[in-house]
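Residue numbering for the sequence shown follows our numbering, starting at 1 and increasing by one per position.
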Amino acid sequence: MQAPDFTHLRQNFPLLNQRNYLGTHSLGPLPQAAFSDLEAYAQSLSMGRRALPLWLERYEEMFHLIETLLNAPTGSIALAPSATAVQATIAATIQPTANRDRIVISSLDFPSCRYLWTSQALRGFEIVEVAAADGMQIDAADIVAKIDDRVAIVAVSLVSYLNSARLDIQPIIAAAHAAGAIVVLDAYQAIGTIPIDVTALDADIVVGGTHKWLCGGMGLAFAYVRPSLAERLEPVYPGWFAHLQPTAFAETFVPATGARRFQQGTPSIEPIYTSRAGLKFALDVGVEQIHQRNTELTTYLINCADRNGIPVHTPRSHEQRGGSICLGVDRAEILVQELAGLGIDVDTRSNLGIRVSPHPCNTEKDCQQLIESVVKLAHRRQSVKVG
Ligand SMILES: Cc1ncc(COP(=O)(O)O)c(C=O)c1O
């Protein structure tokens with residue numbers, strides 16, 4: 001297959017033409033078409049309730065786009081305002097029992113998810129946390145070693161928000177299934193930059209959201225739930241968008257078939273509009289192609305960092321990392337501000353230095369400019385830890 005012309009496609013992303021933007025792990029750049037969709041939404045607001053059919057059409061389209069992206073069967077996606085919220089509605093359906101009361105998490109998971117899962121101790125679960133032995137990456141075998149028939153849920157990130165370390169998830173899913181546990185996979189930092197096929201993965205629950213690698217608006221997340229599992233889980237915090245017939249306004253709750261039973265009340269419509277173009281871009285270009293381009297750029301960044309003695313705090317093997325590279329610089333917060341002053345956007349997390357995440361329409365030149373600026377600023381401030 002011919003590689004997409006990312007140089008040409010870059011014209012569709014206004015932010016990439018205004019700034020040297022390398023922050024897709026945080027907020028992906030919106031395609032121009034998202035602004036047109038937002039404008040269409042703004043105009044529809046003046047229509048009052050006559051806009052409802054339009055909005056519901058877009059809402060239904062969103063399920064279809066996400067199902068296509070993840071190779072998920074029809075009806076296996078739930079939409080929610082955040083990844084934490086959708087996991088919470090699913091977590092609530094699973095009770096600890098005398099024989100099965102453990103939840104396994106990892107130290108590299110996103111804090112919001114960790115807050116949710118560790119709080120399940122209040123409901124009688126025992127939380128087992130697996131740490132990254134080298135501080136950088138979780139060894140799948142360390143998680144597998146914790147999975148036995150006491151474990152109800154394994155809730156882990158596929159790609160860490162911290163340093164982009166990627167978990168080898170297949171043996172974890174296999175071990176969980178052998179032990180009768182389910183896996184809740186937070187793939188937020190992967191979906192849109194790493195191909196995910198939930199059917200091939202034999203996944204139970206896969207969670208993501210639109211505003212990072214899918215280059216969409218904020219306030220829209222989703223979960224794939226394996227159809228046979230969804231049917232077994234009885235919603236305990238449902239709302240009318242979880243009902244089999246939402247607009248029947250029935251007296252009693254009857255859960256929707258499939259994943260929609262994990263939804264709640266009225267959805268936010270704006271992110272449905274602003275997230276459509278980014279999803280279409282991923283589908284049109286292909287996540288495999290996006291992944292290849294991202295790997296080229298992140299490998300280029302690692303090589304440039306090596307040449308300049310800047311430590312890399314992300315696994316070096318491209319199979320063991322997601323779309324970002326962490327560069328070990330001191331006083332990273334100040335550096336982020338200084339880089340912003342030069343028109344270069346990155347961010348920082350804990351003591352890992354700066355996080356750099358190329359969109360496929362970024363270029364080697366963008367990456368080179370970043371590294372040269374880091375070196376120049378660091379020399380001026382003597383802030384790079386060479387080592
Ligand atoms: C790995 C991961 N999971 C989840 C989220 C977002 O969770 P929520 O939608 O609940 O804010 C993020 C955002 O930074 C993330 O990096």
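Even glycine gets a Cβ: it sits at the ideal position worked out from N, Cα and C.
Just so you know, these numbers come straight off a predicted model, no measurement behind them.
Which residues DSSP lists as bridging residue i, in chain order
i	result
Ser106	Val130
Pro235	Answer is none; Pro235 lacks a bridge partner.
Ala221	Ala80, Gly209
Cys326	Arg355
Ala157	Looking at the sequence itself, residue 157 is Ser, so the reference to Ala does not match. Paired residues: Asp186.
Ile191	Ile194
Gly23	Ser357
Pro255	His243
Asp284	Answer by DSSP bridge pairing: none, since Asp284 is not bridged.
Thr348	Ile354
Ala165	Arg321
Val312	Leu327
Val151	Arg102
Buried versus exposed, by CB contacts within 10 Å (16 or more), residue i
i	result
Phe253	exposed
Thr84	buried
Gln43	exposed
Phe24	For clarity, residue 24 is Thr in the given sequence; the question names Phe instead. Per the 10 Å Cβ criterion, buried.
Val386	Residue placement at Val386 is poorly supported in this model, since its pLDDT is 46, which falls under 50; the coordinates are not used for a value here.
Arg87	It should be pointed out that residue 87 corresponds to Gln in this sequence rather than to Arg. With 16 or more Cβ atoms within 10 Å of its Cβ, Gln87 is classed as buried.
Arg166	buried
His64	exposed
Ala340	exposed
Asp202	exposed
Pro271	buried
Phe13	buried
Gln368	exposed
Leu283	exposed
Gln337	exposed
Ser119	exposed
Cα-Cα separation, residue i to residue j
i	j	result
Phe35	Thr274	7 Å
His379	Lys365	21 Å
Thr89	Arg261	9 Å
Gly328	Leu335	11 Å
Arg409	Ile105	Past the boundaries of the shown model lies residue 409; the chain is included only from 1 to 387, so the question cannot be answered.
Asp344	Asn20	As written in the sequence, residue 344 is Ile, which differs from the Asp given in the question. Going by the C-alpha atoms only, they are around 5 Å apart.
Ser383	Gln189	Residue confidence for Ser383 is low, a pLDDT of 47 falling below 50, so the modelled location carries little weight; the figure read from the coordinates is stated next. Taking the straight line joining both Cα atoms gives about 29 Å.
Leu9	Ala248	44 Å
Gln2	Ile127	47 Å
Val151	Pro96	9 Å
Leu38	Pro267	16 Å
Asp101	Leu244	31 Å
Pro396	Gly75	Because residue 396 is not part of the residues shown, which for the chain are 1 to 387, the question remains open.
Leu122	His291	40 Å
Thr257	Glu231	7 Å
Tyr224	Val198	8 Å
Cys304	Leu116	39 Å
Gln263	Lys146	31 Å
Val154	Ile103	6 Å
Asn17	Pro195	26 Å
Cys475	Leu370	Within the shown structure, residues of the chain are numbered from 1 to 387, placing residue 475 beyond reach of any answer.
Gly322	Val236	34 Å
Ala91	Ile77	16 Å
Ile143	Leu162	19 Å
Pro73	Ile182	19 Å
Ser112	Ser82	10 Å
Phe125	Gln137	26 Å
Pro171	Ala140	7 Å
Asp149	Ser107	22 Å
Ile302	Arg316	8 Å
Leu79	Arg381	46 Å
Ile310	Ile269	44 Å
Leu233	Ala259	10 Å
Asp330	Glu129	29 Å
Ala175	Pro29	38 Å
Ser324	His359	10 Å
Quiz item: In the stretch 39-92, which residue ranges form an unbroken alpha helix (DSSP H) of at least 4 residues, counting only runs that do not cross its ends?
Solution: Taking only runs of at least 4 residues, the alpha helix (DSSP H) segments lying wholly in the stretch 39-92 are 52-70, 83-91.
Practice problem: Closer than 6 Å is what we want: which residues have a beta carbon that near any heavy atom of ligand 1? List them in chain order. | Solution: In chain order, the qualifying residues are Ser82, Ala83, Thr84, Phe110, Ser112, Cys113, Ser157, Tyr161, Asp186, Tyr188, Gln189, Gly209, Ala221.
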